[in-house]
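Novice: FYI, in full-length UniProt numbering the residues of the sequence shown are 1 to 382.
Glycine included, C-beta positions come from ideal geometry on N, C-alpha and C.
So that we are looking at the same thing, I have put the structure below in structure tokens.
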Amino acid sequence: MPAEPPAEPSAEPASAEPAPALPPSRERAAQMFEVQARACDALGSGLYGVLLARAAEDIRAGGPCADAVVGYEDAPGPDAIALRLAGGVHALVLTGRAPALAGYYPSVGGSAPGPGEDEACWQAFRAAVAAELPRVREWMTRPPQTNEVGRANLLITGLLRASLNSPLPVRLFELGASSGLNLRPERFRYTVDADGYGWGPVDSPVLLGTAWKGAPPVWLTEAAAAHPELAVIEREGCDPSPIDPLSATGSLALRAYVWPDQAARHARLAGALRLAAELPSTVRPVGAAEFLAGIDTRPGTLTAVWHSVMRQYVPAEEWAQVERELARLAAAGTPEAPFVHIAFEPERDGERFPFRLTVRQGMGKREVLAEASPHGLPARAV
Numbered sequence: 001m002p003a004e005p006p007a008e009p010s011a012e013p014a015s016a017e018p019a020p021a022l023p024p025s026r027e028r029a030a031q032m033f034e035v036q037a038r039a040c041d042a043l044g045s046g047l048y049g050v051l052l053a054r055a056a057e058d059i060r061a062g063g064p065c066a067d068a069v070v071g072y073e074d075a076p077g078p079d080a081i082a083l084r085l086a087g088g089v090h091a092l093v094l095t096g097r098a099p100a101l102a103g104y105y106p107s108v109g110g111s112a113p114g115p116g117e118d119e120a121c122w123q124a125f126r127a128a129v130a131a132e133l134p135r136v137r138e139w140m141t142r143p144p145q146t147n148e149v150g151r152a153n154l155l156i157t158g159l160l161r162a163s164l165n166s167p168l169p170v171r172l173f174e175l176g177a178s179s180g181l182n183l184r185p186e187r188f189r190y191t192v193d194a195d196g197y198g199w200g201p202v203d204s205p206v207l208l209g210t211a212w213k214g215a216p217p218v219w220l221t222e223a224a225a226a227h228p229e230l231a232v233i234e235r236e237g238c239d240p241s242p243i244d245p246l247s248a249t250g251s252l253a254l255r256a257y258v259w260p261d262q263a264a265r266h267a268r269l270a271g272a273l274r275l276a277a278e279l280p281s282t283v284r285p286v287g288a289a290e291f292l293a294g295i296d297t298r299p300g301t302l303t304a305v306w307h308s309v310m311r312q313y314v315p316a317e318e319w320a321q322v323e324r325e326l327a328r329l330a331a332a333g334t335p336e337a338p339f340v341h342i343a344f345e346p347e348r349d350g351e352r353f354p355f356r357l358t359v360r361q362g363m364g365k366r367e368v369l370a371e372a373s374p375h376g377l378p379a380r381a382v
């Protein structure tokens, strides 16, 4: 049967129907993906810079990525819905369920897209979301927990600072500890190649190279020389949803949330998982305020409370309780039973939000010691 002939053109072209307005919540979700795409690109993941920008377009178009984020369009920024989607797809790659995409993911031996390959990579990503939508949707329920090992670079700096005044065995407590990988900071190796600075076991499976941008501060090199080792005699953390790093599910979650084209971060994580198997730690499934309420200073030890890039996830009311508990511990600190609070968190500074290492020993003055990228490397003295 012959096809129908095209319609005769009319003297007055019919006006096109206006495109239906995009639901505000879907537009907001697309914008959140664009913000995350720019952030990933700025932090060294060109792969996610491309894929999350294309996912934003797909959300606007009502594609598979829009289906994946249904119900999350109005989620607050800290919920990081773009990273949840990206992590879910990465988990598919890591478990062999997205072979066409795996060729572009260095985390499984692929190569990041070269010139002219972005479109093919994006189509493989989009197809994976469509083919495995129930699994991706399930992953959307999981808050991102990278448990970034590079942030230990700041933790150890704070501990060495405190050791100048309190050279005692350390009781280490972490708020928002995720899987507790950063509760073993004295077992990592920290180096500055150009300066020759190094601290920590030379055979550590976790190497934090380029720990400082330029030479580390003089006080740090002096503290490191005076204390080539730190004795951590207690290590415990808390998290509302802790991850067991020794379980297959927990290990997959941690690996999936590390960006696939950042090989150094994957290497650090792999080493930290090895250490976790060798040196146990405890992460209790409670909030930060409740956790701190059970901690006291102890004579003959340095009690250290640390947290990194978690403050934004704690409700204001609970954080007020956290601050009261920190004030209690600070007031209880003595030369025989000292207390130190170490934080690596973003802080507003005009139009900037630098990530800063701050240390407060007992009731002393709060010191701002360094700034670093959100992943902790390299640090810069301030």
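1. From Ala327 to Glu371, what does the alpha carbon distance come to, in whole angstroms?
2. Find the nearest neighbour of Trp306 within the set Ala82, Leu172, Tyr72 and His227, judged by alpha-carbon distance.
3. For Phe353, I'd like the list of residues in its chain whose CB is within less than 6 Å of its CB, leaving aside the five on either flank, ordered along the chain.
4. Of the choices Gly49, Gly44 and Pro134, whose alpha-carbon is the least far from that of Met32?
5. Got a sec? Which residues, its chain only, sit under 6 Å from Asp118 by beta carbon, not counting five neighbours each side?
6. By DSSP, does Ile295 sit in helix, in strand, or in coil?
7. What does the alpha-carbon distance come out to for the pair Ala151 and Leu160?
8. Output the distance between the C-alpha atoms of Ala66 and Ala231, rounded to the nearest integer angstrom.
9. Using a 10 Å radius around the Cβ and a threshold of 16 neighbouring Cβ atoms, would you call Pro242 buried or exposed?
10. Whole angstroms are fine: how far does the CA of Ala128 sit from the CA of Glu4?
11. Look up Thr358 in the DSSP assignment and give the residues it is bridged to.
12. Using 7 Å as the threshold, is the C-beta distance between Asp261 and Pro106 below it?
13. Taking only runs of the alpha helix (DSSP H) that begin and end inside the stretch 104-140, which ones reach a length of at least 4 residues, in chain order?
14. Once the 5 residues before and after Arg28 are set aside, which same chain residues still bring their CB inside 8 Å of it?
15. Is it true that the CB of Phe344 sits closer than 7 Å to the CB of Ala330?
16. Under 7 Å, do Ser204 and Arg235 count as touching if we go by C-beta distance?
17. Quick check on DSSP: helix, strand or coil for Glu234?
18. If you compare alpha carbons, which of Glu325, Gly214 and Leu181 is closest to Ala272?
19. Going straight from the alpha carbon of Pro113 to that of Ala293, what length do you get?
20. Using DSSP with H/G/I as helix, E/B as strand and the rest coil, what is Gly180?
21. Report buried or exposed for Asp239, applying the criterion of at least 16 other Cβ atoms within 10 angstroms of its Cβ.
22. Once DSSP output is grouped into helix, strand and coil, what is the label at His90?
23. Under 7 Å between the Cβ atoms of Gln36 and Leu22?
Specialist: This is what the structure holds:
1. Using only the alpha carbons, I get a separation of about 24 Å.
2. Residue Leu172 is the option with its Cα nearest to Trp306.
3. Answer for Phe353: Pro346, listed in chain order.
4. Closest by alpha carbon: Gly49.
5. In the same chain as Asp118, and ignoring 5 residues on each side of it, the C-beta atoms closer than 6 Å to its own belong to Val50, in chain order.
6. Correct three-state label for Ile295: coil.
7. Just to set this straight, residue 151 is Arg in the shown sequence, not Ala. Cα to Cα, Arg151 sits roughly 15 Å from Leu160.
8. Their Cα atoms are separated by approximately 50 Å.
9. Looking at its Cβ environment, which holds 16 or more other Cβ atoms inside 10 Å, Pro242 is buried.
10. Low confidence applies here, because Glu4 scores a pLDDT of 37, under 50, leaving its location unreliable and the question unanswered by this model.
11. For Thr358, which the question treats as bridged, DSSP gives the partners Ala343 and Val368.
12. Contact flag set, yes.
13. Complete alpha helix (DSSP H) runs here, min 4: 118-131 and 133-139.
14. The answer, listed in chain order, is Glu73 and Asp74.
15. For Ala330 and Phe344, no; Cβs fall outside 7 Å.
16. Against a cut-off of 7 Å, the Cβ pair of Arg235 and Ser204 comes out as no contact.
17. If DSSP states are grouped into helix, strand and coil, Glu234 belongs with the strands.
18. A check of alpha carbon separations from Ala272 across Glu325, Gly214 and Leu181 identifies Leu181 as the nearest.
19. Computed Cα separation, rounded: 50 Å.
20. The answer is coil: DSSP assigns Gly180 none of H, G, I, E or B.
21. Burial call: buried.
22. DSSP, read as helix, strand or coil, puts His90 in helix.
23. No, Cβ-Cβ distance for Gln36 and Leu22 is not below 7 Å.
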